[in-house]
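Mapping of the sequence shown onto the working numbering: position 43 corresponds to residue 243, and the numbering continues sequentially without gaps.
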Amino acid sequence: MLHDHELLNRPVRLEWPWFVSGVGALGVTTRLALFDISLSDRELPERILACRPVGQPKAEFLSIKILGSGTYLDAAGRRRSEDRLVELIVETHEANLSARLSVHHDIWADYDFFGRPHFDIYERNAPRLTAALQALDEVLGVTADPGDSTYFGAAEGYGLARTDPEDLIDGLGIDRSDKL
Numbered sequence: 201m202l203h204d205h206e207l208l209n210r211p212v213r214l215e216w217p218w219f220v221s222g223v224g225a226l227g228v229t230t231r232l233a234l235f236d237i238s239l240s241d242r243e244l245p246e247r248i249l250a251c252r253p254v255g256q257p258k259a260e261f262l263s264i265k266i267l268g269s270g271t272y273l274d275a276a277g278r279r280r281s282e283d284r285l286v287e288l289i290v291e292t293h294e295a296n297l298s299a300r301l302s303v304h305h306d307i308w309a310d311y312d313f314f315g316r317p318h319f320d321i322y323e324r325n326a327p328r329l330t331a332a333l334q335a336l337d338e339v340l341g342v343t344a345d346p347g348d349s350t351y352f353g354a355a356e357g358y359g360l361a362r363t364d365p366e367d368l369i370d371g372l373g374i375d376r377s378d379k380l
């Protein structure tokens with residue numbers, strides 16, 4: 201689904217932290233480049249487990265980030281590639297599996313991080329995010345939980361909440377660039 205909407209064109213690496221039950225996080229994170237293997241390869245779980253820290257034979261992981269680049273459309277409609285346009289985190293729990301999609305760019309919002317309106321960029325990109333999230337719901341057979349709001353925005357439905365007109369000052373949104 202993410203590939204179909206060009207949000208994650210080709211996963212290029214995985215990242216995951218290790219922990220030991222009863223001890224906690226080890227402070228060790230593994231990165232595995234996906235040069236010669238795909239996410240659907242049956243050997244991938246063995247390769248992930250082969251990365252376990254040698255001094256910690258009981259080490260486990262709870263989540264894996266799937267990273268790569270995605271494509272966004274700029275104000276002129278040109279395609280631009282961006283590393284980590286979205287981050288897909290797959291969380292493994294004893295009895296179930298869950299996924300979390302994170303976005304870290306202002307292209308999904310109607311105002312950029314500096315509070316400037318960029319409706320052309322928003323209108324070219326936000327519907328792609330919405331379509332990808334709806335497709336994920338259909339495939340997984342569950343409705344996504346929008347998650348918590350952050351300093352930069354809040355999820356609403358299958359996208360980001362639009363800027364409240366009452367928050368505008370002289371036509372500008374809130375400048376959130378202080379946290380970049």
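From the three backbone atoms N, C-alpha and C, an ideal C-beta is built for every residue, glycine too. Fair warning: this is a prediction, and the values are worked out from it, not measured in the lab.
Bridge pairing for Trp-216: Thr-230 [DSSP]. If the five residues before and after Ala-309 are omitted, its C-beta is found closer than 7 Å to the C-beta atoms of Tyr-322, Gly-353 and Leu-360, all from its own chain and listed in chain order. For Ala-299, the enclosing beta strand (DSSP E) has its first and last residue at 297-303.
Fully contained in the region 237-302 are the following alpha helix (DSSP H) runs of length 4 or more, in chain order: 244-249. Note: Ile-369 is bridge-paired with Leu-372 in the DSSP secondary-structure output. By the C-beta criterion, the region 256-275 is judged to be in contact with the region 205-216, since at least 3 inter-stretch pairs fall below 8 Å. Taking C-beta atoms as the reference points, Leu-372 and Leu-207 fail to come closer than 8 Å. Around the beta carbon of Ile-307, 16 or more other beta carbons lie within 10 angstroms, which makes this residue buried.
Going by beta carbons, Leu-285 and Met-201 fall outside the 8 Å limit.
Glu-291 and Leu-297 have their C-alpha atoms spaced approximately 6 Å apart.
If the five residues before and after Lys-379 are omitted, its C-beta is found closer than 8 Å to the C-beta atoms of Tyr-351 and Phe-352, all from its own chain and listed in chain order. Nearest Cα to Ser-377 within the set His-304, Gly-224 and Ser-238: His-304. For Asn-209, there is no enclosing alpha helix (DSSP H), as DSSP gives it neither H nor E.
For Val-339, the enclosing alpha helix (DSSP H) stretches over residues 319-340.
Gly-224 is bridged by DSSP to Val-220. In the DSSP secondary-structure assignment, Tyr-358 is not bridged to any residue.
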